[in-house]
Amino acid sequence: MTAHSIRSKLVKRLSLVLVIVAVTTNTALYFYLRDEILEQYDDSLLTEARAVASVWRPGDDKEQQAAAIIRAFPQLKFDKPNGDYLKVVHRDGSTVLHVPPAADHELERPRNWPTSGRRRSYDLTLPDGRDGRAVVIAVEVSAHGSVPRFEQSEHSLILAEGRQELNETLAHLAWVLVILGAGLTAASICMVVIGVRRGLRPLSDFSESVGRLDADSLDYRFPTDRLPGELRPISTRLNELLGRLQSAFSRERRFTENVAHELRTPLAELRSMIEVAMKWPPEPAELSQHHNSLLEVVKRMSAVVQQLLALLRSDPARLVAAFEPVDLISCLRAAWSSHEHAARRRGVGIAFECPERQMVVADADVLLSLLDNLFGNAAAYATSQTMIKCVVTADDADQNVHFSLANANADLTDEDLGRLEEPFWRKDAARSPGDRSGLGLALVREYATALNVSCRYSKPTQDRFMVELTLLSAQLTSAGSSMGGLPPSAGNRIVHNPTYLGVGNRMARASTTIAEEGQARGLRSGRR
Amino acid sequence: MRVLVVEDSIHLSESVARGLRKSGYAVDVAHDGAAGLWHATSHDYDVIVLDLMLPSMDGLTVLSRIRDAGRQSHVLVLTARDTVDDRVRGLRTGADDYLIKPFAFDELLARVEALVRRRHVAKNPVLSLRGLRVDTAARKVTRDGMPIDLPARQYALLEYFLLHLDTVVSRSDIEAHLYDALVEPMSNVVDATVYALRKQIDRAGEPSFIQTRRGMGYVMTRDAQQDQST
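If you read the sequences in order, they're chains A and B. The first sequence begins at 1 in the numbering used here and counts up one residue at a time. The second sequence begins at 1 in the numbering used here and counts up one residue at a time.
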């Protein structure tokens, strides 16, 4: 249990409360019992005083009266050491009688001499130095025989006795209460510790379970049914978080493995070709072919690295698209021209069903890269000796331009559609000959996000694959000076990400990144 | 020794095959799983170098089918996947060894040699017979300490004889293990190679290491007396 734990704080605070409650309760109890005991003591003293008063007669000889009282009340031990004291006082303050008579003493009187009521009790120091308790009563009975009152009486009687026993009783009571309180408090604190520990055990177990989590235990899930209600939402959310983390870790691991695999195979090719050539040098006639093979492998590795860099740069956090009116048809034809030769070798052709010109709002370089990947994919994976169909239609009602690219492919299943955008995913697990790295559609997803374009894959029929894009139309009203549906203040360039508004150099850097990529991949149309 | 390389990368399979051929192995190459399976079940290969990620049929399926067909060729799995799971899966399916890409060609060669020795129950890489000594690891041949420079095919033939001591090997056995599918062996090719090998390792006035069994083939025996008596 650490000093800053909830359990520690709870135990400390509850213990403090218990101590305060115990001290307060015991103190209150002590004073209550003390008052009760004093009242009983005073009642007893009062009874004795009234008994003595009943014997006393005003005007009688003092010494005879004193002797008579001593004889009548031997239990008061007036004539013994540490005995009681008696005094009768006249209203004018003069002493009428004092017992024991031989003693030359003066009993303390109450600070405020009672002038009303029937009795007054007070503490005093007895003439022999002891602590004492005294009671003052009026001693003359009224004509009606009722209990005398001070205002009606000429004389008052003071009876005092030592309160040593009373003090001892009160001290004993105090000790009993202190010990009892301390014991009860200690027992309560123990129960608090045990109770808090038991009560918080689910929390500490939960905390330990969370503490044991690391990158290797992301498959662990907290059992929500056994947890208390307060922890259940936390564990549910943690389980969801763990699930997301696990899939993210798996995705990253898969990505890393795929990157390693993509690079290992060409590395193995290079190493094997070089080592074998060093050991058994090729014939002069074979040298050219050997070098060409090496170059081909290096080019393929470069393509993979370029695509990996493109994927990194296409991260929405880094990619800022500069929007402007772009002719989609020109982009389509430019993108297709990069793959036309490869497609023709496989007997794959293309049929465009689109207008002469269709302006859309996009970043030309990003759009070109997106289309390049789509056409590259279609050219590589369309069934040989078939046609790719490219359709562009404008919807004036919602100012959208719909683009679709469909090709024959009987290999893909509906389940495969969900994995198309996964980096390095290919239907054929083998790294078949060709320069497709499996990153094309992953890049398409990133570019589509940057362009705020919806991208959908489907299989309209069993043997056809189709990708559809929906772009925002840019209706030119006068020589491309304004764009429909877009704020005129932005002119022809609209910053997609508002975070970058006004940050010209960062925009320029992002545009440069795209442009470099376009140049590196030979995809720029030269329009910008 | 005859080796099958099943690898979809043309550059890799060609360079591996070239290196193995230069080392004296007869090598066939297949670029996809189906072709690899056909080769593996049609011929008795000493070693099959098998990539796991293959078009048309993945390597593990090929391996499993080879074992189902009762083929005992030793299989060296070649792959870019290096996780423990991948290796365990490959070995449990029936692979005899595992090599991760990229690899050193010498390591591949050494592993292939080890698998060949294992197939012929020879743990020692040095094979020797009456002063004739063949170091299969260094691929060097000596007789009484004097080096003999043998062409790859003759070396392979000598190694094959030494691995089958006291066993008559037929011409067809030799053809199956020393010539790949691209070579159309004729009967006198084997005889010519045996003749050339004898010239390299035999000495005048001494009995030949390789004896001819008419109508059956050739044999290399441990006991020189036995050779003379036959």
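Quick reminder that beta carbons are idealized off the backbone N, C-alpha and C, glycines included.
- Collapsing the DSSP output to three states places residue 341(A) in a helix.
- Flagged as an interface residue toward chain A: residue 16(B), by a C-beta distance shorter than 8 Å.
- Relative to residue 458(A), the option among 355(A), 203(A), 90(A) and 409(A) whose CA is nearest is 409(A).
- The Cβ atoms of residue 157(A) and residue 178(A) do not sit closer than 8 Å to each other.
- The beta carbons of residue 388(A) and residue 378(A) sit about 5 Å from each other, so the pair counts as a contact at 8 Å.
- Under the 8 Å criterion on CB atoms, residue 151(B) is classed as non-interfacial with respect to chain A.
- Check the Cα spacing between residue 119(B) and each of 74(B), 200(B), 217(B) and 37(B): the tightest is with 74(B).
- With at least 16 other beta carbons inside 10 angstroms of its own, residue 87(A) counts as buried.
- For residue 70(A), the closest C-alpha among the options 309(A), 451(A), 52(A) and 315(A) is that of 52(A).
- For residue 466(A), the enclosing beta strand (DSSP E) stretches over residues 464-473.
- Looking only at 221(A), 405(A) and 438(A), the smallest Cα-Cα distance to residue 468(A) is reached by 405(A).
- C-alpha of residue 17(B) to C-alpha of residue 7(B): approximately 10 Å in a straight line.
- Contact between residue 99(A) and residue 78(A) is confirmed by a C-beta separation of about 5 Å, below the 8 Å threshold.
- In the structure shown, residue 33(B) falls within a helical segment according to DSSP collapsed to helix, strand and coil.
- A residue is called buried once 16 or more other Cβ atoms fall within 10 Å of its Cβ, and residue 59(B) is buried on that count.
- For a Cβ distance threshold of 9 Å, nothing in chain A lies close to residue 34(B): the least Cβ distance comes to about 12 Å.
- At a cut-off of 8 Å between beta-carbon atoms, residue 217(B) makes no contact with chain A.
- With a 10 Å radius around the Cβ and a threshold of 16 neighbouring Cβ atoms, residue 40(A) comes out exposed.
- Taking residue 415(A) as reference, the option from 343(A), 401(A) and 462(A) with the minimal CA-CA separation is 462(A).
- With 16 or more other CB atoms across the displayed protein chains lying within 10 angstroms of its CB, residue 266(A) is buried.
- The region 188-206 of chain A makes contact with the region 18-28 of chain A, as at least three CB pairs between them are under 8 Å.
- Among the CB atoms of chain A, none fall inside 8 Å of the CB of residue 94(B).
- Annotated three-state conformation of residue 95(A) is strand, per DSSP.
- Taken through DSSP and simplified to helix, strand or coil, residue 354(A) comes out as coil.
- Taken in chain order, the complete alpha helix (DSSP H) segments of 4 residues or longer contained in the region 61-127 of chain B are 84-93 and 105-119.
- For residue 128(B), not one C-beta of chain A is nearer than 8 Å to its own C-beta.
- Not one beta carbon of chain B lies nearer than 8 Å to the beta carbon of residue 312(A).
- Collapsing the DSSP output to three states places residue 167(A) in a helix.
- Considered as a whole, the region 25-109 of chain A harbours 62-72 as its complete alpha helix (DSSP H) runs of no fewer than 4 residues, in chain order.
- Contacts with chain B (Cβ-Cβ distance below 9 Å) from the region 260-272 of chain A involve 260, 261, 262, 263, 264, 265, 266, 267, 268, 269, 270, 271 and 272, listed in chain order.
- For residue 280(A) and residue 295(A), the gap between their C-alpha atoms comes out near 19 Å.
- At a beta-carbon threshold of 9 Å, none of the residues of chain B lie near residue 425(A); the nearest stands roughly 13 Å away.
- Neighbours of residue 19(B) across chain A, judged by C-beta separation under 8 Å: 272, 275, 276, 279 and 280.
- Among the CB atoms of chain A, none fall inside 8 Å of the CB of residue 64(B).
- Going by DSSP, residue 210(A) is part of the alpha helix (DSSP H) stretching over 201-211.
- Listed along chain B, the residues sitting closer than 7 Å to residue 293(A) by beta-carbon distance are 11.
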